[in-house]
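Just so we're aligned, residue 84 is where the sequence shown starts under the working numbering, counting upward by one. Report on the structure given below.
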Amino acid sequence: MTEKHLDRQKSMAFVKPFENGTRLSRYQSGAQKAGRQFGWYNGTEYQNRFAIDLYRFLRDSIPLLGSCIWTWSRLTAAPGRYEILDCHAEEEKSGALKTLDRMSLRLDPSRHHRNGGLESFLPTLCDGLFTDGAFAGFLQVLPDMSGVDRFSPIDPAHLAVVSTKTGTKLVLQTESGKMPLDSDDFYYLGLNTDLKSGLGKSILRTIPFVAHIEQQLIDDMRRTMHNAGYHRLHVKITPPEKLSGESDDAYITRINEYFDQTVRMVKGCEPEDNPVTWDNVTIDHIGPDSARTVSNSWSLSHRAMVEEICAGTNLSPFMLGFTYSAIQNWAKFKYDLVMRQVQSVQRQVARFLEWIGNVELALRGYSGRCRYGFDNSLTYLATEQSQLRQADIDNLIKLYSNGLIDRKTASQKAGELL
């Protein structure tokens, strides 16, 4: 254990244990605490618990919205790895990478996943980030301060921004009161944070009204298509003429009996039977003249609602399996737009993972720091990427051959291309 590590341990103040780990918190002065508070003015207490509950219900109840969240979270939770920076000794760099790999295996907050690790933790993080608009929690270290134990998330629905004499701050609403969240072991990751409150916004924030209309449309379509898909029989019975000398009571009894016999005959017809009646009974079909016209009308209306929801969640319909005859070049362009948005969110997630990794390295006594990178490469893009890399190599060779760059610069640029 290095001297720097010992000094770091001495500067840490222990707080009450958090489950089976220890919450990491460094002593802070009043000025430091004020600097860590959320600096946005709100005026009154702000909480979004009911909105988050609504977003979770919509995600779990509407397949289209569940697919949107699934697509965003899985694209963002791409495979990745740690890199070691500011560490020149190869042996120390190798040991630091092994330390971070072991930490990644125990980082998953769920103890039900055996060796779930970072691969199970990232989809959970991204799912909560896109659904709730935020992901927050406490970093737990091992009781002997020898490393990171795990990250314990908290429900963002219980977070609120409250006003104080010195400004505003983030608190956790508990049964015993409001717990200030201004310690070093707490991390808040907000998606598209709002300047009014400082809290993140869900990606589903703009579509509850449209989703309600879409679900009403599906229900109306179900009932209408069910009625249109099964034709009804309309049986018309012409009452027989009254016989000469027949009393009114006898006539009414006779035609009622005839009516009942006809009804029993129609109800008792099996699929292979044919009804046989006098010519005063007419059997017609009730149903639309063209079922295809009705289906196309509902299909166009539902397509418009799907496009509205996709626009609200910043996705394209083809990303969710709705082709709509999109040409390949246009689909690639829209996919590139989506991946650029994914990378912007990945940068936020990477900073969070780097924060955890740097704490692990400091507790283990390593002097370097880490960087986390996501790998968004796909197999069907390998050819295009290979062509681009080949073009960069050819340009580098031409620059060196023409004397525009020296050998040292050319070697450095070539190493960056590998």
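All residues carry an ideal CB built from backbone N, CA and C; glycine is no exception. Since this is a predicted model, take the numbers as computed values, not measurements.
Nearest-angstrom Cα distance between residue 430 and residue 417? Locating residue 430 in the sequence shown gives position 347, where the first residue counts as 1. Locating residue 417 in the sequence shown gives position 334, where the first residue counts as 1. Rounded to the nearest whole angstrom, the C-alpha separation of residue 430 and residue 417 is 20 Å.
Could you have a look at residue 160 and say whether DSSP puts it in helix, strand or coil? Counting from 1 along the sequence shown, the entry for residue 160 is found at position 77. Look at residue 160 here: in three-state DSSP terms it is coil, with no helix or strand label.
Below 7 Å CB to CB, which residues in the same chain sit around residue 262 once its five sequence neighbours on both sides are set aside? Sequence index remark: in the sequence shown, residue 262 carries index 179 (1-based). So the list reads 254, 255, once near-sequence residues are dropped.
Out of 273, 362, 339, 366, which one is the CA nearest neighbour of residue 352? Taking the sequence shown and counting its residues from 1, the one referred to as residue 352 is at position 269. Among 273, 362, 339, 366, the Cα nearest to that of residue 352 is on 366.
Quick check on this structure: which residue in 483, 288, 337 has the alpha carbon closest to the alpha carbon of residue 140? Mapped onto the sequence shown, residue 140 falls at position 57. Check the Cα spacing between residue 140 and each of 483, 288, 337: the tightest is with 288.
Mind checking whether residue 322 and residue 338 have CB atoms under 9 Å apart? Here residue 322 corresponds to residue number 239 of the sequence shown, with the count starting at 1. Here residue 338 corresponds to residue number 255 of the sequence shown, with the count starting at 1. Pairing residue 322 with residue 338 gives a Cβ-Cβ distance under 9 Å.
DSSP state of residue 222 mapped onto helix, strand, coil: As a position in the sequence shown, residue 222 is number 139, starting the count at 1. Three-state DSSP puts residue 222 in a strand.
Pick helix, strand or coil for residue 144, following the three-state DSSP scheme. The sequence position of residue 144 within the sequence shown is 61, counting from 1. Note: residue 144 maps to helix in three-state DSSP.
Is the beta carbon of residue 154 closer than 9 Å to that of residue 398? Reading the sequence shown from its first residue, position 315 is the one you call residue 398. Reading the sequence shown from its first residue, position 71 is the one you call residue 154. Yes, Cβ-Cβ distance for residue 398 and residue 154 is below 9 Å.
Rounded separation between residue 291 and residue 235 - CA only: For this step, residue 291 is matched to residue 208 along the sequence shown. For this step, residue 235 is matched to residue 152 along the sequence shown. One C-alpha to the other measures close to 30 Å.
Rounded straight-line distance, which links the Cα of residue 499 to that of residue 126: As a position in the sequence shown, residue 126 is number 43, starting the count at 1. As a position in the sequence shown, residue 499 is number 416, starting the count at 1. Because residue 126 carries a pLDDT of 40, less than 50, the predicted location of this residue cannot be relied on, and no value is offered for it.
Within the segment 419-472, note down every full alpha helix (DSSP H) run reaching 4 residues or more, in order along the chain. With a minimum length of 4 residues, no continuous alpha helix (DSSP H) run stays inside the segment 419-472.
Between which residues of its own chain and residue 37 is the CB-CB distance below 7 Å, once the five residues before and five after are set aside? The chain is shown from 84 up to 501; residue 37 falls before or after that span and cannot be answered.
In or out: residue 173 buried (at least 16 other Cβ within 10 Å) or exposed? Within the sequence shown, the letter at position 90 stands for residue 173. So residue 173 counts as exposed.
In angstroms with no decimal places, state the Cα-to-Cα distance between residue 264 and residue 219. Taking the first residue of the sequence shown as position 1, residue 264 is located at position 181. Taking the first residue of the sequence shown as position 1, residue 219 is located at position 136. So the alpha carbons of these two residues sit roughly 10 Å apart.
Quick one: what does DSSP say residue 355 is sitting in, helix, strand or coil? Against the sequence shown, residue 355 aligns to sequence position 272. If DSSP states are grouped into helix, strand and coil, residue 355 belongs with coil.
Mapping the DSSP letters down to three states, classify residue 211 as helix, strand or coil. Your numbering for residue 211 matches position 128 in the sequence shown. For residue 211, the three-state secondary structure derived from DSSP is helix.
Where does residue 345 fall in DSSP's three states? Along the sequence shown, read from residue 1 onward, the residue named residue 345 stands at position 262. The answer is helix: DSSP assigns residue 345 an H, G or I state.
Run through DSSP, which three-state label would residue 246 get? On the sequence shown, residue 246 is found 163 positions in, with the first residue counted as 1. Three-state DSSP puts residue 246 in a strand.
Which residues does DSSP list as the beta-bridge partners of residue 287? One-based indexing of the sequence shown puts residue 287 at position 204. The partner list for residue 287 (beta bridge, DSSP) is empty, contrary to what the question assumes.
For residue 217, which beta-bridge partners are listed by DSSP? To locate residue 217, count along the sequence shown from 1; it is residue 134. 273.
Taking the alpha-carbon positions, what's the residue 132 to residue 217 distance? Translated into the one-based positions of the sequence shown, residue 132 becomes position 49. Translated into the one-based positions of the sequence shown, residue 217 becomes position 134. Each residue's Cα considered, the two are about 12 Å apart.
With DSSP run on the structure shown, which of helix, strand or coil describes residue 316? Residue 316 sits at position 233 when you count from the first residue of the sequence shown. Strand at residue 316.
Below 8 Å on the Cβ atoms is my guess for residue 135 versus residue 243; work out the distance and round it to an integer in Å. Walking along the sequence shown from the start, residue 135 turns up at place 52. Walking along the sequence shown from the start, residue 243 turns up at place 160. Actually they do not touch by this definition, with Cβ atoms about 12 Å apart.
Any idea what DSSP makes of residue 152, helix, strand or coil? Locating residue 152 in the sequence shown gives position 69, counting from the first residue. Judged by DSSP in its simplified three-state form, residue 152 adopts helix.
Can residue 294 and residue 145 be called in contact, C-beta distance under 9 Å? Taking the first residue of the sequence shown as position 1, residue 294 is located at position 211. Taking the first residue of the sequence shown as position 1, residue 145 is located at position 62. A contact, by the Cβ cut-off of 9 Å.
Contact set for residue 270: own chain, Cβ-Cβ below 7 Å, skip 5 residues either direction: Position 187 of the sequence shown, counted from the first residue, corresponds to residue 270. The beta carbon of residue 270 sits closer than 7 Å to the beta carbons of 219, 220, 222, 435, 438 from its chain, once the five residues preceding and following it are set aside; these are given in chain order.
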